[in-house]
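Student: Quick note on our numbering: the sequence shown kicks off at -11 and runs consecutively. Before I ask anything, here is the structure I am working with.
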Amino acid sequence: MSMGERALRVGITCYPTVGGSGVLASSLGEDLARRGHEVHFISYERPFRLSPNIPRLHFHPVVINDYELFKYPDYTLPLSVRMAEVSWEHRLDVLHVHYAVPHATAAILARSMLPLDRQPRVVTTLHGTDTTLLGHDPGYGPAIRHALACSDAVTTVSHHLREETQRVLGFHGAMEVIHNFHEPRQPRRSRDEVRRELGVEDEVVVFHSSNLRPLKRIGLLLETVSRIQPRESFKLVVLAGGSFAPFLSDLARLGLENRVIVRENVHDIEDYLLGVDLGLFTSELESFCLGILEGMCFGCPSVSTRVGGIPEVVADGVTGVLVPSSDPEVIASAVMELIRDPARRAALGLAARRRARECFSAETIVPRYEALYRAACGRPPRGM
Ligand code: GMT
-11 MSMGERALRV GITCYPTVGG SGVLASSLGE DLARRGHEVH FISYERPFRL SPNIPRLHFH
49 PVVINDYELF KYPDYTLPLS VRMAEVSWEH RLDVLHVHYA VPHATAAILA RSMLPLDRQP
109 RVVTTLHGTD TTLLGHDPGY GPAIRHALAC SDAVTTVSHH LREETQRVLG FHGAMEVIHN
169 FHEPRQPRRS RDEVRRELGV EDEVVVFHSS NLRPLKRIGL LLETVSRIQP RESFKLVVLA
229 GGSFAPFLSD LARLGLENRV IVRENVHDIE DYLLGVDLGL FTSELESFCL GILEGMCFGC
289 PSVSTRVGGI PEVVADGVTG VLVPSSDPEV IASAVMELIR DPARRAALGL AARRRARECF
349 SAETIVPRYE ALYRAACGRP PRGM
């Protein structure tokens, strides 16, 4: 914060469970609080990545009652009421919602419950499937478009996602591209300790981290690694934000049981990233792919499919390798080249770490959100 600027009071709503949008929102909230702003998280659970005991960072749970009358419990209305209460009690300047559904709609409703002079500005950050999946759904699309039009500012995490939002939702209002950032925490173990726990020796450790949703194409990931030769040259570590159980039969079918190590719902991700050598991402679509960036922060390059916003994260041939194909044979040969060439891996890793610092650090990105909040606060709230 520069001299003369007052601290802001920011409400943040995100999905608290494992997933890139919640991870990003948690890091943003922590960094804003460190910069002197008051930050209030509003959600049904405390976000799992949120560090405890950070001054100026608060959590307000949303209580949901399950009424027999309703076949499906409703979250949007209790969330909007809590947002309005917290906005009123703490005189919030901004409600920053991550992932449009249902957070942006709830924020707009909350804003309209308050008198004009106490309305926070609603900032909506689109993360991915809120546009690329739900935007196509006739039951959601119009509500998302309406929420974007009523937001005081809209951001997307990549240029690709901005273009998709224009195309899929027909929304042509202002949208600022603010890429994701990552600020790794200090690992608590050494590389050797982590590799010992994983039971690896000289093998190249390939990692994949994600929530394992169908878009991540875990089947293709396993098909790819099953083609890597020689098999003794690598191990795959899957840092899974979800259950890996549905994929165990694939492991057996492909004879990969002793090549793949799975860790579910990992909280000490930095420790594992210190122990790995190469990322592998076979997504069908990604607006950004925070997992790639997390690896880059530890000097770990990646091989990934050239989809969505990934080319904005990875400089092809400089900080990693982009494969313009979903053929497991082709992806596997890109991985094998890097397994065989430690010098190239090291050069890509060095460049990856440098790019992560220069383009995707808190220092570069968070001031952009601060400026966006201040600009929105300088305008009257957008009415319904
Ligand atoms: O939109 C989603 O699929 C969920 C979201 C999440 O919470 O994990 O993922 C998206 O947001 C991340 C953070 O901005 C991005 O790194 C992911 O690429 C993006 N996922 C997709 O676009 C599929």
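Backbone N, C-alpha and C define an ideal beta-carbon position, used for all residues, glycine too.
In three-state terms, what does DSSP make of F235?
Tutor: For the purposes of this step, residue 235 is identified with residue 247 of the sequence shown, where counting begins at 1. Of the three classes helix, strand and coil, the one that applies to F235 here is helix, per DSSP.
Student: DSSP three-state call for V264: helix, strand or coil?
Tutor: Translated into positions along the sequence shown, residue 264 becomes position 276. Residue state, collapsed to three classes: coil.
Student: Name the DSSP bridge partner or partners of F47?
Tutor: Here residue 47 refers to the residue found at position 59 when the sequence shown is read from its first residue. Beta-bridge pairing links F47 to F29.
Student: At a cut-off of 7 Å, would you count E18 as near the ligand GMT, judging by its Cβ distance to the nearest heavy atom?
Tutor: The residue labelled residue 18 in the question sits at position 30 within the sequence shown. Answer for E18: no, Cβ out of range of the ligand GMT.
Student: Report yes if the C-beta distance between H148 and S31 is below 8 Å; otherwise report no.
Tutor: Translated into the one-based positions of the sequence shown, residue 148 becomes position 160. Translated into the one-based positions of the sequence shown, residue 31 becomes position 43. No, these two residues do not count as a Cβ contact at 8 Å.
Student: Pick helix, strand or coil for I42, following the three-state DSSP scheme.
Tutor: Within the sequence shown, the letter at position 54 stands for residue 42. In this structure, I42 counts as coil in the three-state DSSP scheme.
Student: What residues in its chain sit with their C-beta under 6 Å from that of S14, if we drop five residues either side in the sequence?
Tutor: Counting from 1 along the sequence shown, the entry for residue 14 is found at position 26. If we look at S14 and ignore the five residues flanking it on each side, its Cβ neighbours are P35, R37, L38.
Student: Between V142 and T112, is the Cβ-Cβ spacing less than 8 Å?
Tutor: Along the sequence shown, read from residue 1 onward, the residue named residue 142 stands at position 154. Along the sequence shown, read from residue 1 onward, the residue named residue 112 stands at position 124. Yes.
Student: Beta-carbon within less than 7 Å of V11's beta-carbon, same chain only, minus the 5 sequence neighbours each way: which residues are those?
Tutor: Taking the sequence shown and counting its residues from 1, the one referred to as residue 11 is at position 23. The residues are R37, L278.
Student: Do you know whose CA, among E33, T5, I0, lies nearest E18's CA?
Tutor: Against the sequence shown, residue 18 aligns to sequence position 30. Ranking the options by Cα distance to E18, first place goes to I0.
Student: Between the C-alpha atoms of L236 and L186, what's the straight-line distance to the nearest angstrom?
Tutor: As a working mapping, residue 236 is identified with position 248 in the sequence shown. As a working mapping, residue 186 is identified with position 198 in the sequence shown. Between L236 and L186, the C-alpha separation is close to 18 Å.
Student: So E252 is in the beta strand (DSSP E); what residue range does that whole segment cover?
Tutor: The residue given as residue 252 occupies position 264 in the sequence shown. It spans 248 to 252 - the beta strand (DSSP E) in which E252 sits, taken as one unbroken run.
Student: Under the three-state reduction of DSSP, which class applies to K204: helix, strand or coil?
Tutor: In the sequence shown, the residue the question calls residue 204 occupies position 216. In this structure, K204 counts as helix in the three-state DSSP scheme.
Student: Tell me which residue opens and which closes the beta strand (DSSP E) that S290 is part of.
Tutor: To locate residue 290, count along the sequence shown from 1; it is residue 302. S290 -> beta strand (DSSP E) spans 290 to 293.
Student: What is the rounded straight-line gap between the Cα of D62 and the Cα of Y3?
Tutor: Indexing the sequence shown from 1 puts residue 62 at position 74. Indexing the sequence shown from 1 puts residue 3 at position 15. Cα to Cα, the separation comes out at about 15 Å.
Student: By the three-class DSSP mapping on this structure, what secondary structure does L102 have?
Tutor: In the sequence shown, counting from the first residue as 1, residue 102 sits at position 114. Three-state DSSP puts L102 in coil, outside helix and strand.
Student: Distance, Cα to Cα, M372 vs P108?
Tutor: Residue 372 sits at position 384 when you count from the first residue of the sequence shown. Residue 108 sits at position 120 when you count from the first residue of the sequence shown. Any reading at M372 needs caution, since the residue's pLDDT is 46, under 50, leaving its predicted position unreliable; the model's value is listed next. About 14 Å.
Student: Considering only their Cβ atoms, is the gap separating I206 from K138 smaller than 8 Å?
Tutor: Working through the sequence shown from its first residue, we reach residue 138 at position 150. Working through the sequence shown from its first residue, we reach residue 206 at position 218. The sequence given here has Cys at residue 138, not Lys. The answer is no: Cβ separation not under 8 Å.
Student: With H, G and I counted as helix, E and B as strand and the rest as coil, what does DSSP make of D315?
Tutor: As a working note, residue 315 is residue 327 in the sequence shown. Coil, per DSSP.
Student: Using 8 Å as the threshold, is the region 221 to 229 in touch with the region 330 to 340, meaning 3 or more CB pairs across them?
Tutor: No: fewer than three Cβ pairs fall under 8 Å.
Student: Is H460 near the ligand GMT - that is, is its Cβ less than 7 Å away from at least one heavy atom of it?
Tutor: This structure does not reach residue 460, given that the chain is present from -11 up to 372, and the question cannot be answered.
Student: Is it true that the CB of V192 sits closer than 8 Å to the CB of D265?
Tutor: The count along the sequence shown starts at 1 and reaches residue 265 at position 277. The count along the sequence shown starts at 1 and reaches residue 192 at position 204. Yes, the pair counts as a contact, with Cβ atoms nearer than the cut-off.
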